[in-house]
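One structure is given here, and the rest of the page talks about it.
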Amino acid sequence: MTFIAVRCHYCQSDQIVKRGKTARGTQRYLCQNTLCPKGSFLLDSCNRGCLPEVKHTIIDMSLNASGVRDTARSLRICPNTVLRELKKQEAVLESVNTTVLRTLNPAEVAWGMERPGEAERDEMWSFVGTKGNPRWLWHAIDHHTGKVLAYVFGRRTDEVFLQLKALLEPFGLTRYYTDHWGAYTRHLDPDVHSPGKRNTQKIERKHLTLRTRMKRLVRKTICFSKTT
Ligand SMILES: [Zn+2]
């Protein structure tokens with residue numbers, strides 16, 4: 010006779026007892042670890058989307074530029090499961106680059122490295138579902154390093170720009186390079202504002218890269234277009 014130890018998929022505990030069967034006749038198990046996040050589980054789940062390792066893989070694939078359908082096909086799960094997992098990550102996203110902000114903390118850089126506080130800002134058009142539902146990514150990067158400082162999603166309105174402006178406040182920026190969009194000239198001090206194409210190449214390049222790598226449009230063209 011052979012015994013196979015059953016371990017909980019969620020907490021790896023071996024304190025497991027049998028807990029009846031599902032409607033299909035699969036054995037159900039109960040984890041007796043009181044700290045277990047789940048409790049009851051199946052050994053061979055036919056619903057792969059609920060397995061913790063599959064959920065981790067969804068996030069890993071998305072960070073490696075796999076699209077939603079791409080991930081669903083590879084992991085043999087439903088695209089809705091992929092979307093649901095990705096939406097759960099929204100809570101942990103921050104629209105300000107706190108790592109860069111921490112290095113700007115005056116207490117930590119008291120030994121005196123002068124940082125050139127220059128930023129490039131731009132906005133990128135896209136849409137949700139239909140083109141009647143446009144969304145703009147407002148986004149600012151460091152002019153010298155190209156690191157993302159902060160971003161906001163919204164319409165192409167002044168309110169959204171003011172949100173981004175508020176997020177950038179703690180960085181203590183001394184110069185902004187933007188295009189000639191009206192929101193910038195209305196809300197930025199002319200002394201620190203340089204509109205024009207000369208100094209926004211880095212952010213325009215970043216937006217082009219984002220568009221080219223967005224999986225949604227790869228089927229028709231490798232590049233982004235507003236009409237196809
Ligand atoms: Zn458990």
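Counting in this note's numbering, the sequence shown runs from 10 upward without gaps.
Here a beta-carbon is modelled for each residue, glycine too, at the ideal position from N, C-alpha and C.
| Check | Outcome |
| --- | --- |
| Is residue 59 near ligand 1, in the sense that its beta carbon is under 7 angstroms from a heavy atom of that ligand? | no |
| Taking the beta carbon of residue 136 as the centre, do at least 16 other beta carbons fall within 10 Å, making it buried, or is it exposed? | exposed |
| With C-beta atoms as the reference, is residue 179 less than 8 angstroms away from residue 193? | no |
| Helix, strand or coil for residue 10? Go by DSSP, reduced to three states. | coil |
| Would the beta-carbon of residue 45 be found less than 7 angstroms away from any heavy atom of ligand 1? | yes |
| Quick one: any contact between the stretch 62-79 and the stretch 41-53, if contact means 3 or more CB pairs under 8 angstroms? | no |
| Do residue 128 and residue 185 count as a contact pair if the criterion is CB distance below 8 angstroms? | yes |
| In chain order, what residues of the same chain lie with their CB nearer than 7 angstroms to the CB of residue 165, ignoring the 5 residues before and after it? | 132 and 145 |
| Ignore the nearest five residues each way along the sequence and tell me which others in residue 202's own chain have a CB closer than 6 angstroms to its CB. | 185 |
| Considering only DSSP beta bridges, list what residue 41 is partnered with. | Note: residue 41 sits in no beta bridge, so no partner. |
| On a CA-only basis, which of 215, 18 and 197 is nearest residue 57? Give me that one, please. | 18 |
| For residue 187 versus residue 209, is the C-beta spacing smaller than 8 angstroms? | yes |
| Compute the minimum distance between the beta carbon of residue 22 and the heavy atoms of ligand 3, and state whether it is under 7 angstroms. | Judged by which ligands are present, ligand 3 is missing from the structure shown, whose ligands are ligand 1. |
| Can you tell me whether residue 83 is helix, strand or coil according to DSSP? | helix |
| Excluding the 5 residues preceding and the 5 following residue 24 in the sequence, name in chain order all residues of the same chain whose CB lies nearer than 6 angstroms to its CB. | 41 and 42 |
| Mind checking who residue 202 pairs with in its DSSP beta bridge? | 185 |
| What's the call for residue 14, buried or exposed, on a 16-neighbour Cβ count within 10 Å? | exposed |
| Is there at least one non-hydrogen atom of ligand 1 closer than 7 angstroms to the beta-carbon of residue 193? | no |
| Roughly how many whole angstroms lie between the Cα atoms of residue 26 and residue 35? | 14 angstroms |
| Between residue 42 and ligand 1, is the CB less than 7 angstroms from at least one heavy atom? | yes |
| Where do the ends of the beta strand (DSSP E) carrying residue 49 lie? | 49-51 |
| Can you tell me which residues form a DSSP beta bridge with residue 136? | 143 |
| Report whether the distance from the Cβ of residue 38 to the nearest heavy atom of ligand 1 is below 7 angstroms. | no |
| Whole angstroms are fine: how far does the CA of residue 89 sit from the CA of residue 64? | 13 angstroms |
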